[in-house]
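In our numbering, the protein residues as written are 1040 to 1275.
Note that beta-carbon positions come from the ideal geometry of N, C-alpha and C, so glycine has one too.
Have a look at the structure below before the remarks.
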């Protein structure tokens, strides 16, 4: 379930809100891929979450520009991962997370949009041993969740085309107790163009500067990559 209460102050163009919600996620195929034959998959409980948010959004300059600040908390039970020692046993923990998210959108003219999003996250293990103890136990930080994340970009629109550039980064990344991964900031370029009313070409370039970095220890992220396609619409 999800419930939200919001209030708008028309005089100052301020939007306030509070929100609470629950979530549910059944174990996926990825959770079972290395599961030991002795473990009954039906014994794995679904991941459940309870989140709370409170925040405000303030319109700036014009209706298209704004700044928003949100504080959030989330309790997640039965978070599943794979034990890095045996690679066949499930590693299940309960966690508590909290953080602050700051978002800005600036659109000086109708066809140009600049945006940034910054998140600070504090994630703590409350019960269980993450990654078979390799990742910590109750009271330790939950590994593989960056403490700081940042993204920002610009999108320019024409009548039948769109072009954008974006950078994303992750900082203070705990991989396991005593192991800190290097920070990274990567860039991407994307765009699309309508050739006709029914045909559109689109593409993107990921990791523009071919940066070498790891998402987790021993697993290097993809380098420079280019992707493209054609979208055709027919009928009404």
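Run of the beta strand (DSSP E) containing residue i, from where it starts to where it stops
i: residue 1201; result: 1200-1210
i: residue 1044; result: 1041-1048
i: residue 1266; result: 1264-1271
i: residue 1243; result: 1238-1245
i: residue 1031; result: Since the first residue of the chain shown is 1040 and the last is 1275, residue 1031 is not available in this structure.
i: residue 1086; result: 1086-1099
Own chain partners of residue i with C-beta closer than 6 Å, once the 5 adjacent residues on each side are dropped
i: residue 1103; result: 1146
i: residue 1084; result: 1117
i: residue 1232; result: 1200, 1240
CB contact flag (residue i, residue j, <7 Å)
i: residue 1088; j: residue 1115; result: yes
i: residue 1183; j: residue 1160; result: no
i: residue 1222; j: residue 1210; result: yes
i: residue 1113; j: residue 1143; result: no
i: residue 1239; j: residue 1270; result: yes
i: residue 1203; j: residue 1217; result: no
i: residue 1040; j: residue 1061; result: yes
i: residue 1226; j: residue 1195; result: no
Which of helix, strand or coil DSSP assigns to residue i
i: residue 1138; result: strand
i: residue 1145; result: strand
i: residue 1108; result: strand
i: residue 1252; result: coil
i: residue 1129; result: strand
i: residue 1231; result: strand
i: residue 1180; result: strand
Exposure label - residue i; buried when at least 16 CB within 10 Å
i: residue 1237; result: exposed
i: residue 1261; result: exposed
i: residue 1042; result: exposed
i: residue 1263; result: exposed
i: residue 1047; result: exposed
i: residue 1051; result: exposed
i: residue 1130; result: buried
i: residue 1151; result: exposed
i: residue 1162; result: buried
Residues of its chain near residue i, where Cβ-Cβ distance is below 7 Å and the 5 sequence neighbours each way are ignored
i: residue 1272; result: 1237
i: residue 1334; result: Here the chain comprises residues numbered 1040 to 1275, so residue 1334 is not present and cannot be evaluated.
i: residue 1234; result: 1240
i: residue 1249; result: 1262, 1263
Residues near residue i in its chain [Cβ-Cβ closer than 8 Å; skip 5 each side]
i: residue 1099; result: 1105, 1106, 1145
Proximity test, residue i beta-carbon vs the ligand NAD heavy atom, cut-off 6 Å
i: residue 1247; result: Among the components modelled here there is no ligand, and therefore nothing to report on the ligand NAD.
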